[in-house]
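Asker: Before anything else, here's the structure in question.
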Amino acid sequence: MRPAAEAQAQGRTLPRSRNIYLVPYLLWMVLFVFAPILLIVYDSLFDVEGAFTFANYAHFFTPVYMKMTFSSFWYAFLITAFSLLVGYPAAYLLTKTKHKQLWLLLLILPSWINLLLKTYAFIGLFGTYGAANAILETIGIGRRQILFTDFSFVFVSVYIFIPFMILPVFNALEELNPSLIDASRDLGASPWTTFRRVIFPLTLNGVKSGCQAVFIPALSLFMITRLIAGSRIITLGTAIEQHFLVTQDWGMGATIAVFLIIAMAIIMVLTGTRSRLRR
Amino acid sequence: MRRSFKASNLYLWLVFVVLYAPILYLAYYSFNSGETMHGFEGFTWQWYREVFADTRLLIILLNTIVIALFSSAISTILGVIGAIAIHKLRKLPNQNALLSLNNVLIVSPDVIIGASFLILFTMLGIKLGFASVLISHIAFSVPIVVIMVLPKLKEMSPTLLDAARDLGATEWDVLSKVMLPFIKSGIFAGFFMALTYSLDDFAVTFFVTGNGFTTLSVEIYSRARQGVSLQINALSTLIFLFTLALVVGYYAISRRGQAAGSGARRKDRNVDWGLPNK
């Protein structure tokens, strides 16, 4: 706020310095950002009977939950790694095409389509008699169980998250000054060295925001695990959903949620840049 | 050089095909007169007829649209207020602090938002159903609108507002005749984003919806859990076409807005490509 004397000198503009827009917005934020997070922490301190306890936290550190947390992180890591592996070259090649805005539109358009519909499509594709098995049979591998395996879970997740990886990497590549690449070539660097020493380091911010946009949801999705992986894979998100909506043990669910929030905060710090809208 | 160009196109085409194949597969079998998503037996409109004859499904569709329209309209108003509030803060650290707070709901996983809102509504005694779903959709859309509107406010020269005041405009005039028209494209983008987020949402709704109230996503989930039903295929195809029309329409309108606007706007064109984060 400006000093009062200055405001008074300008007289008429005094009301402007009182930011009335702040009141409804802050109220809204307190009610729907602060309160829910506090309530999660609060709820994690009660057991099913409603008695105050730290047992939920003790429970979280038992092997069962530790194993689940570890595997959830492992799957999220796999999904992020594969998304990057497929998404980075796609984004790179995208910047080389003639109609790049059109290509970009085409590649990110599927992300507008309801997630459940895409997941549902894979139930058909990966089914025992689905298209994937038909292809396997024609090339002589034969039918096998695809649905309800680790492979199908990772594949479908990567499929869904690819656009969220392509977009930030594409934006970072677009911001890259092309003369730097020319300079690197002129100085005798091979294409691989140019990529490793110039292009990749300079697009690291895009890679980081892409990884953030993939890793956090990958930790917490529960509908893909339910529909594609059956009950084989339990992620942190699946466990939270299970506790809140099936077993009604809100305390334990809230405890897992607390750790998910902590994980999210750590990832956001690690991936550095302040998160914008995932674009 | 020429060869590598072709190879690169091949890779992009491959990604493109993989991205669209499942959706087309789904749509293709919606015309199957058989019962399953394999072995196409014959062409039929049967599943589409069933979708349109299913009153329960049509009510759910109506619910979804009503929620989407109401939540995006209300969150646009709140979001514009929020963006102006952040913009009006004098100190940059304060702006950044509020902006980080704003982004909490954008990066929060849906499960967290859903679970925490479920606790909140239970505590406040709000009955799970239409109201709780509407409020949560507004809650997760407001930050998105703020993000879409704020860059437009930053683009606006403060002298424009001073000029309006010097010419005797009241605060309301400044807002309605200068500020809002200037940030119109941002407001529109925010509204559209909120609309798609709301239509797309599954996880948050799944947590805060009661027994009596369902949206399309939740309905599809519970049907899909029971296995393949070609009625879902037909419904999916319709939703896909609707989404396509929505995006193309938005693209056309925002292109027109860009053509009319100055070259300076080109820089943040990518901001308009915000994506549903589910």
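Residue numbers (our numbering), protein chains in the order written: chain L, 41 to 319; chain U, 3 to 280. The beta-carbon is built from N, C-alpha and C at its ideal position, and this holds for glycine as well.
(1) Can you say whether residue 208 of chain L is buried or exposed, counting buried as having 16 or more other CB atoms within 10 angstroms of its CB?
(2) Between residue 91 of chain U and the rest of its own chain, which residues show a CB-CB distance below 8 Å, the 5 nearest in sequence each way excluded?
(3) I'd like to know whether the C-beta atoms of residue 90 of chain L and residue 205 of chain L end up nearer to each other than 7 Å.
(4) Out of curiosity, what's the CA-to-CA distance linking residue 73 of chain L and residue 241 of chain L?
(5) For residue 84 of chain U, return the contacting residues in chain L, with the cut-off set at a CB-CB distance below 7 Å.
(6) If I'm right that residue 162 of chain L touches residue 196 of chain L with Cβ under 8 Å, what's the distance once you round it to whole angstroms?
(7) So which residues of chain L does residue 46 of chain U contact, with C-beta pairs closer than 8 Å?
(8) Between residue 139 of chain U and chain L, is there a C-beta pair that is closer than 7 Å?
(9) Which chain U residues sit within Cβ distance under 8 Å of residue 126 of chain L?
(10) Counting only beta-carbon atoms, is residue 303 of chain L nearer than 7 Å to chain U?
(11) Just to confirm my understanding: we take residue 130 of chain L, look at its own chain, exclude 5 residues before and 5 after, and list those with CB closer than 8 Å. What are they?
(12) Tell me whether the beta-carbon of residue 177 of chain L lies closer than 7 Å to the beta-carbon of residue 184 of chain L.
(13) Would residue 84 of chain U and residue 65 of chain L be called neighbours here (beta carbons separated by less than 7 Å)?
(14) Quick one: measure Cβ to Cβ for residue 201 of chain U and residue 38 of chain U, integer angstroms, because I've assumed they're closer than 8 Å.
(15) Can you grab the Cα-Cα spacing for the pair residue 99 of chain L / residue 266 of chain L, in whole Å?
(16) Quick check for students: name the residue ranges of the beta strand (DSSP E) that lie wholly in the region 161-230 of chain L, counting only runs of 3 or more.
(17) Taking C-beta pairs closer than 9 Å, name the residues in chain U that residue 217 of chain L reaches, listed in chain order.
(18) Could you tell me which chain L residues have their CB closer than 7 Å to the CB of residue 198 of chain U, listed as they occur along the chain?
(19) Between which two residues does the alpha helix (DSSP H) harbouring residue 156 of chain U extend?
(20) Do you know offhand how far residue 323 of chain L's Cα is from residue 81 of chain L's?
(21) Using the beta-carbon of each residue, which ones in chain L are nearer than 8 Å to residue 13 of chain U?
(22) Just the C-alpha distance for residue 210 of chain U and residue 289 of chain L, rounded to the nearest angstrom, thanks.
(23) Return the Cβ separation of residue 164 of chain L and residue 136 of chain U in integer angstroms, given the expectation that the two are a contact with Cβ distance under 8 Å.
(24) Along the alpha helix (DSSP H) that carries residue 99 of chain L, what are the first and last residues, could you check?
(25) Which residue comes first and which comes last in the alpha helix (DSSP H) that contains residue 58 of chain L?
(26) To which residues of the same chain is residue 295 of chain L closer than 7 Å at the C-beta, ignoring the five residues directly before and after it?
(27) Count the other CB atoms within 10 Å of the CB of residue 263 of chain L; is the residue buried (16 or more) or exposed (fewer)?
(28) Buried or exposed, going by whether 16 or more other CB atoms sit within 10 Å of the CB of residue 104 of chain U?
(29) Check the Cβ-Cβ distances between residue 161 of chain L and every residue of chain U, and say whether any is below 7 Å.
(30) What residues of chain U sit near residue 59 of chain L, judged by a beta carbon separation below 8 Å?
(31) If the cut is a Cβ gap below 8 Å, which residues of chain L does residue 50 of chain U touch?
(32) Contact defined as beta carbons within less than 8 Å: I believe residue 150 of chain L pairs with residue 21 of chain U. What is the distance between those atoms, to the nearest angstrom?
(33) I need the straight-line Cα distance from residue 17 of chain U to residue 194 of chain L, nearest angstrom please.
(34) Mind checking if residue 87 of chain L is an interface residue toward chain U, Cβ cutoff 7 Å exclusive?
(35) Who does residue 92 of chain L pair with in a DSSP beta bridge?
(36) Give me the Cα-Cα distance between residue 143 of chain L and residue 64 of chain U, rounded to the nearest whole angstrom.
Answerer: In short, the structure shows the following:
(1) Along the first sequence, read from residue 1 onward, the residue named residue 208 of chain L stands at position 168. Here residue 208 of chain L is buried: its Cβ has 16 or more other Cβ atoms, across all protein chains shown, within 10 Å.
(2) Position 89 of the second sequence holds residue 91 of chain U. Here residue 91 of chain U has 97, 100 as same chain residues with Cβ atoms under 8 Å from its own Cβ, once five neighbours each way along the sequence are excluded.
(3) Counting from one through the first sequence, the residue named residue 90 of chain L turns up at place 50. Counting from one through the first sequence, the residue named residue 205 of chain L turns up at place 165. No, the pair does not count as a contact, with Cβ atoms beyond the cut-off.
(4) Locating residue 73 of chain L in the first sequence gives position 33, where the first residue counts as 1. Locating residue 241 of chain L in the first sequence gives position 201, where the first residue counts as 1. Between the alpha carbons of residue 73 of chain L and residue 241 of chain L lies a gap of roughly 35 Å.
(5) Taking the second sequence and counting its residues from 1, one reaches residue 84 of chain U at position 82. Listed by position along chain L, the residues whose Cβ is nearer than 7 Å to that of residue 84 of chain U are 65.
(6) Taking the first residue of the first sequence as 1, we reach residue 162 of chain L at position 122. Taking the first residue of the first sequence as 1, we reach residue 196 of chain L at position 156. That pair is a contact at about 5 Å.
(7) Here residue 46 of chain U refers to the residue found at position 44 when the second sequence is read from its first residue. Near residue 46 of chain U there are no residues of chain L at all, since even the closest Cβ is about 17 Å away, more than 8 Å.
(8) Mapped onto the second sequence, residue 139 of chain U falls at position 137. So, not an interface residue.
(9) Translated into the one-based positions of the first sequence, residue 126 of chain L becomes position 86. Residues of chain U passing the Cβ test: 17.
(10) On the first sequence, residue 303 of chain L is found 263 positions in, with the first residue counted as 1. No - not a single Cβ of chain U is within 7 Å of the one on residue 303 of chain L.
(11) Looking up residue 130 of chain L in the first sequence gives position 90. The answer, listed in chain order, is 147, 202, 206.
(12) Stepping through the first sequence from its first residue, residue 177 of chain L is reached at position 137. Stepping through the first sequence from its first residue, residue 184 of chain L is reached at position 144. For residue 177 of chain L and residue 184 of chain L, no; Cβs fall outside 7 Å.
(13) As a position in the second sequence, residue 84 of chain U is number 82, starting the count at 1. As a position in the first sequence, residue 65 of chain L is number 25, starting the count at 1. Contact flag set, yes.
(14) On the second sequence, residue 201 of chain U is found 199 positions in, with the first residue counted as 1. On the second sequence, residue 38 of chain U is found 36 positions in, with the first residue counted as 1. Contact between residue 201 of chain U and residue 38 of chain U fails: their C-beta atoms lie close to 28 Å from each other, not under 8 Å.
(15) Position 59 of the first sequence, counting from 1, holds the residue named residue 99 of chain L. Position 226 of the first sequence, counting from 1, holds the residue named residue 266 of chain L. CA-CA distance, residue 99 of chain L to residue 266 of chain L, rounds to 24 Å.
(16) Runs found: none.
(17) Stepping through the first sequence from its first residue, residue 217 of chain L is reached at position 177. Those within 9 Å of residue 217 of chain L in chain U number zero; the least Cβ separation is about 15 Å.
(18) Within the second sequence, the letter at position 196 stands for residue 198 of chain U. Here the neighbours are 152.
(19) One-based indexing of the second sequence puts residue 156 of chain U at position 154. Annotation: the continuous alpha helix (DSSP H) that includes residue 156 of chain U extends over 132-157.
(20) This structure gives no information on residue 323 of chain L, because the portion of chain L shown stretches from 41 to 319.
(21) Looking up residue 13 of chain U in the second sequence gives position 11. Taking the beta carbon of residue 13 of chain U as reference, the chain L residues within 8 Å of it are 129, 130, 133, listed in sequence order.
(22) Position 208 of the second sequence, counted from the start, is the residue given in the question as residue 210 of chain U. Position 249 of the first sequence, counted from the start, is the residue given in the question as residue 289 of chain L. Here the alpha carbons of residue 289 of chain L and residue 210 of chain U stand approximately 16 Å from one another.
(23) Counting from 1 along the first sequence, the entry for residue 164 of chain L is found at position 124. Counting from 1 along the second sequence, the entry for residue 136 of chain U is found at position 134. That belief does not hold up - the Cβ atoms of residue 164 of chain L and residue 136 of chain U are roughly 33 Å apart, past 8 Å.
(24) Start at 1 with the first residue of the first sequence, and residue 99 of chain L comes out as number 59. Start and end: 95-100.
(25) In the first sequence, residue 58 of chain L corresponds to position 18, counting from 1. It is not in any alpha helix (DSSP H) - residue 58 of chain L carries neither H nor E in the DSSP assignment.
(26) Translated into the one-based positions of the first sequence, residue 295 of chain L becomes position 255. 84, 96, 97, 100.
(27) For this step, residue 263 of chain L is matched to residue 223 along the first sequence. It counts as buried.
(28) In the second sequence, the residue the question calls residue 104 of chain U occupies position 102. Buried, since its Cβ has 16 or more Cβ neighbours within 10 Å.
(29) Translated into positions along the first sequence, residue 161 of chain L becomes position 121. At least one CB of chain U lies nearer than 7 Å to the CB of residue 161 of chain L.
(30) Within the first sequence, numbered from 1, the residue matching residue 59 of chain L stands at position 19. Here the neighbours are 87, 90, 91.
(31) Translated into the one-based positions of the second sequence, residue 50 of chain U becomes position 48. For residue 50 of chain U, no chain L residue has a Cβ inside 8 Å of its Cβ, as the nearest lies near 16 Å away.
(32) Within the first sequence, numbered from 1, the residue matching residue 150 of chain L stands at position 110. Within the second sequence, numbered from 1, the residue matching residue 21 of chain U stands at position 19. Contact flag correct, Cβ pair sits at about 5 Å.
(33) Within the second sequence, the letter at position 15 stands for residue 17 of chain U. Within the first sequence, the letter at position 154 stands for residue 194 of chain L. So the two alpha carbons sit approximately 16 Å from each other.
(34) Position 47 of the first sequence, counted from the start, is the residue given in the question as residue 87 of chain L. Closer than 7 Å: no.
(35) As a first step, residue 92 of chain L must be located in the first sequence, where it is residue number 52. L/86.
(36) Taking the first residue of the first sequence as position 1, residue 143 of chain L is located at position 103. Taking the first residue of the second sequence as position 1, residue 64 of chain U is located at position 62. Straight-line Cα distance between these residues: approximately 34 Å.
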